[in-house]
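Notes follow the structure.
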């Protein structure tokens with residue numbers, strides 16, 4: 837599934853791949869440490885935050 841923001845698709849794919857690996861290889865075997873994918877999640881989240889800010893700025897400036 838693609839990201840809600842097309843620009844962030846690569847970050848989401850990387851995170852999704854890491855998450856699926858963590859879930860099947862770690863979580864299902866009892867390892868609850870989810871730090872394995874934290875960097876991928878942070879990058880994806882930061883990308884979404886930038887897109888959100890850009891959308892907000894566009895909205896503000898279009899209303900002026």
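In our numbering, the protein residues as written are 837 to 900.
From the three backbone atoms N, C-alpha and C, an ideal C-beta is built for every residue, glycine too.
State the start and end residues of the unbroken alpha helix (DSSP H) segment that holds residue i.
{"i": "residue 842", "result": "Taken as a continuous stretch (DSSP letters only), residue 842 belongs to no alpha helix (DSSP H), as it is neither H nor E."}
{"i": "residue 891", "result": "874-899"}
Report all residues from its chain with a CB closer than 6 Å to the CB of residue i; omit the five preceding and five following residues, and keep chain order.
{"i": "residue 839", "result": "845, 848"}
By Cβ distance below 7 Å, which residues in the same chain neighbour residue i in space, the five residues on each side in sequence not counted?
{"i": "residue 851", "result": "873, 876, 877, 880"}
Within this structure, are the beta carbons of residue i and residue j separated by less than 9 Å?
{"i": "residue 938", "j": "residue 843", "result": "Any question about residue 938 goes unanswered here, given that the chain covers just 837 to 900."}
{"i": "residue 893", "j": "residue 841", "result": "no"}
Excluding sequence positions up to five away, which residues of its chain have a Cβ less than 8 Å from the Cβ of residue i?
{"i": "residue 869", "result": "862"}
{"i": "residue 856", "result": "none"}
So for residue i, helix, strand or coil by DSSP?
{"i": "residue 867", "result": "coil"}
{"i": "residue 862", "result": "coil"}
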